[in-house]
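Undergrad: Here it is, the structure in full.
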Amino acid sequence: MSLTRRTFLMTVSALGVLGSVSSVAMAADLPPLAKKDTYKVGFAQTESNNPWRIAQTESMKAEAAKLGYQFVYTDAAGSAAKQVADVNSMIAQGVDLIFLAPREEKPLIPAVLAAKKAGIPVILLDRSVDPKLAVAGKDYVTFIGSDFVEEGKRVAEWLVKNANGKTKIIELEGTTGSSPANDRKKGFDEAIKAAGGFEIVASQSGDFARDKGRQVAEALLQAHPDANVIYAHNDEMALGAIAALEAAGKKPGTDVLVLSIDGGKEAVQAIVDGKIGAVVECNPRFGPIAYETLKRYAGGDKIEAWVKNKDKFYDTSNAAAEVSGAY
Ligand code: GYE
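For the sequence shown, this note's numbering gives the first residue as 83, with consecutive numbering after it.
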């Protein structure tokens, strides 16, 4: 296969008919997608244990139905190994394209490369993979999602302006090895360090889950009773932390500032209720942009390496007005 491709490229370059060899080589590296009226697409979801994931699945499914596409759905139930197996089963079923939400940055690399080898293009949704091991435009088409470093930075910027003397931070990290956990930590920690005067007294994973977030917050609050800020990498862990604070007899929003990322209805309502200070949105409604990108790719467009989602910001200035529109 690669020999044939190389021979083809050499011929093309010798004839000089198709522009520069490198641009042809780039295009030839990615499996093509034929232009058709309908597609059989796969969506390999990571887990379904929170409203963000459920909203994302709904959006992907609803948009496929609207377009009349066949939708092959798998749920890895929080296991990277199962997600690799899920992608392999989609390959075996001969889907036209795979939308993959890689649970962690490294363990999903074999899935991306297996699809490429089978000639099936992959679009990464919401989370990315290790850029040293797989490359957009070569191994997969593109990554569609938010700028997580920026999300963490925006939370930090709000805190620096609104801390009011609260400087001891507990950080609840997302799933270890996932791109949003890595990058939300990076963006926040760097901005907090640059601002000076703050201290991250503890930083531990709550796996993006409410109950784990509650348990970790409970233990960290016991170890650091003077902590007065909790930064959670997602709403679910922030809501878990609120439960832990209340169980410990502390008032979230007053004794301890709570900050998060995602912007689900419950978290936006918690701003209205005074329990959460601010939330950076991370929009889960990927359906329209996902299939639009598929169509652009099939139509021969050169897709940018990163199709960036725009995130809103919620605090007391807009939460009441925005809560009904939140997922
Ligand atoms: O913040 C979280 C989810 O990958 C951006 O994963 C996504 C994150 C989102 O489980 O709630």
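Cβ coordinates follow ideal geometry from the N, Cα and C atoms, glycine included. Please read these numbers as outputs of a predicted model, since none were measured by experiment.
#1: Please report the distance separating the alpha-carbon of I252 from that of Q351.
#2: Just to confirm, does P262 get its C-beta within under 7 Å of one of the non-hydrogen atoms of the ligand GYE?
#3: In chain order, what residues of the same chain lie with their CB nearer than 7 Å to the CB of T398, ignoring the 5 residues before and after it?
#4: Let me check you understand the geometry: is the CB of I136 closer than 7 Å to at least one non-hydrogen atom of the ligand COA?
#5: Which of the three DSSP states is assigned to D340 in this structure?
#6: Let me make sure I understand the geometry here. Which of V217, L207 and E186 has the alpha-carbon closest to that of L195?
#7: Could you tell me the distance, in whole angstroms, from the CA atom of T120 to the CA atom of Q165?
#8: Using alpha carbons as the reference points, say which of K384, R367 and Y396 lies closest to I136.
#9: Where V204 and P189 are concerned, what is the direct C-alpha to C-alpha distance, given to the nearest angstrom?
#10: By the DSSP assignment, the beta strand (DSSP E) with D157 in it spans what residues?
#11: Among L339, T336, I191 and D178, which one has its Cα closest to the Cα of S260?
#12: On the DSSP letters alone, give me the boundaries of the beta strand (DSSP E) that Q175 sits inside.
#13: Quick one: what's F280 bridged to in DSSP?
#14: Any heavy atom of the ligand GYE closer than 7 Å to the Cβ of W388?
#15: Using the three-state DSSP reduction, which class does E187 fall into: helix, strand or coil?
#16: Please look up how many angstroms separate the CB atoms of A338 and A309, rounded, as I've assumed it's under 8 Å.
#17: Within a Cβ cutoff of 8 Å, which residues of the same chain sit near E129, ignoring the five residues on either side of it in sequence?
#18: Can D337 be considered in contact with the ligand GYE, in the sense that its beta carbon sits closer than 7 Å to one or more heavy atoms?
#19: Taking the C-alpha atoms as reference points, what is the distance between K294 and F125?
#20: What residue range does the alpha helix (DSSP H) around V237 cover?
#21: Could you check how far apart the C-beta atoms of A299 and G322 are, in whole angstroms? I think they sit under 8 Å.
#22: Any heavy atom of the ligand GYE closer than 7 Å to the CB of N391?
#23: Just tell me which of A320, A200, T249 and V389 has its CA closest to the CA of N132.
#24: Can you find a heavy atom of the ligand GYE that lies under 7 Å from the Cβ of D293?
#25: Taking the straight line between their C-alpha atoms, what separation do you get for K143 and V405?
#26: Nearer than 7 Å: is that true of the beta carbon of N316 relative to any heavy atom of the ligand GYE?
#27: With a threshold of 7 Å (Cβ to nearest heavy atom), would F270 be considered close to the ligand GYE?
#28: Would you decide whether N246 is buried or exposed? Buried here means 16 or more other CB atoms lie within 10 Å of its CB.
#29: Would you say the beta carbon of R209 comes nearer than 7 Å to a heavy atom of the ligand GYE?
#30: Could you please give me the residues that DSSP links to E255 through a beta bridge?
#31: Could you spell out where the beta strand (DSSP E) holding Y313 opens and where it closes?
#32: To the nearest angstrom, report how far apart S84 and G356 are at their CA atoms.
#33: Taking a contact to mean a Cβ-Cβ separation below 8 Å, would you say W388 touches F181 in this structure?
TA: Reading it off the structure:
#1: Within the sequence shown, the letter at position 170 stands for residue 252. Within the sequence shown, the letter at position 269 stands for residue 351. The alpha-carbon atoms of I252 and Q351 are separated by roughly 22 Å.
#2: The count along the sequence shown starts at 1 and reaches residue 262 at position 180. True, at least one ligand heavy atom lies under 7 Å from that Cβ.
#3: On the sequence shown, residue 398 is found 316 positions in, with the first residue counted as 1. Result list for T398: I353, in chain order.
#4: The ligand COA is absent from the structure shown, which contains only the ligand GYE.
#5: As a first step, residue 340 is located in the sequence shown; it is residue number 258 there, counting from the start. The residue you asked about is not Asp; residue 340 is Val in the sequence shown. DSSP places V340 in strand when its eight states are reduced to three.
#6: On the sequence shown, position 113 is the one that residue 195 refers to. Per the Cα distances, V217.
#7: Taking the first residue of the sequence shown as 1, we reach residue 120 at position 38. Taking the first residue of the sequence shown as 1, we reach residue 165 at position 83. Distance between the alpha carbons of T120 and Q165: 25 Å.
#8: Taking the sequence shown and counting its residues from 1, the one referred to as residue 136 is at position 54. For the residues K384, R367 and Y396, the minimum Cα distance to I136 belongs to R367.
#9: Looking up residue 204 in the sequence shown gives position 122. Looking up residue 189 in the sequence shown gives position 107. In a straight line, the C-alpha of V204 is about 16 Å away from that of P189.
#10: Reading the sequence shown from its first residue, position 75 is the one you call residue 157. Per DSSP, D157 belongs to the beta strand (DSSP E) from Q152 to D157.
#11: Mapped onto the sequence shown, residue 260 falls at position 178. For the residues L339, T336, I191 and D178, the minimum Cα distance to S260 belongs to I191.
#12: Taking the sequence shown and counting its residues from 1, one reaches residue 175 at position 93. Where Q175 is concerned, there is no enclosing beta strand (DSSP E), given that its DSSP letter is neither H nor E.
#13: In the sequence shown, residue 280 corresponds to position 198, counting from 1. DSSP, once it has assigned bridges, lists no residue as partnering F280.
#14: On the sequence shown, position 306 is the one that residue 388 refers to. The answer is no for W388.
#15: Within the sequence shown, the letter at position 105 stands for residue 187. In the structure shown, the three-state DSSP call for E187 is coil.
#16: As a working mapping, residue 338 is identified with position 256 in the sequence shown. As a working mapping, residue 309 is identified with position 227 in the sequence shown. The displayed chain sequence assigns Val, not Ala, to residue 338. With a Cβ gap of about 7 Å, V338 and A309 count as contacting.
#17: For the purposes of this step, residue 129 is identified with residue 47 of the sequence shown, where counting begins at 1. Answer for E129: R135, D157, A158, A159, G160 and R185, listed in chain order.
#18: Here residue 337 corresponds to residue number 255 of the sequence shown, with the count starting at 1. No, the ligand GYE has no heavy atom inside 7 Å of this Cβ.
#19: Within the sequence shown, numbered from 1, the residue matching residue 294 stands at position 212. Within the sequence shown, numbered from 1, the residue matching residue 125 stands at position 43. So the two alpha carbons sit approximately 26 Å from each other.
#20: Within the sequence shown, the letter at position 155 stands for residue 237. Looking at the DSSP string, the run of the alpha helix (DSSP H) that includes V237 is F230 to N244.
#21: Translated into positions along the sequence shown, residue 299 becomes position 217. Translated into positions along the sequence shown, residue 322 becomes position 240. 6 Å between Cβ atoms; contact.
#22: Taking the sequence shown and counting its residues from 1, one reaches residue 391 at position 309. Not so, every heavy atom of the ligand GYE lies at least 7 Å from the Cβ.
#23: By 1-based counting over the sequence shown, the position of residue 132 is 50. For N132, the nearest C-alpha among the options comes from A320.
#24: If you number the sequence shown from 1, residue 293 lands on position 211. Not so, every heavy atom of the ligand GYE lies at least 7 Å from the Cβ.
#25: Translated into the one-based positions of the sequence shown, residue 143 becomes position 61. Translated into the one-based positions of the sequence shown, residue 405 becomes position 323. Their backbone Cα atoms lie some 24 Å apart in a straight line.
#26: Reading the sequence shown from its first residue, position 234 is the one you call residue 316. Correct: N316 has its Cβ closer than 7 Å to the ligand GYE.
#27: The residue you call residue 270 lines up with position 188 of the sequence shown. For the ligand GYE, not one heavy atom lies less than 7 Å from the Cβ of F270.
#28: Here the question's residue 246 lines up with position 164 in the sequence shown. That one is exposed.
#29: The sequence position of residue 209 within the sequence shown is 127, counting from 1. Because some heavy atom of the ligand GYE lies under 7 Å away, the Cβ of R209 counts as near it: yes.
#30: For this step, residue 255 is matched to residue 173 along the sequence shown. Partner(s): S287.
#31: The count along the sequence shown starts at 1 and reaches residue 313 at position 231. Per DSSP, Y313 belongs to the beta strand (DSSP E) from V311 to A314.
#32: Your numbering for residue 84 matches position 2 in the sequence shown. Your numbering for residue 356 matches position 274 in the sequence shown. For S84, the predicted model reports a pLDDT of 42, less than 50, meaning its position is unreliable; a value from the coordinates is still stated below. Distance between the alpha carbons of S84 and G356 is about 60 Å.
#33: In the sequence shown, residue 388 corresponds to position 306, counting from 1. In the sequence shown, residue 181 corresponds to position 99, counting from 1. No; because the gap between Cβ atoms is not below 8 Å, this pair is not in contact.
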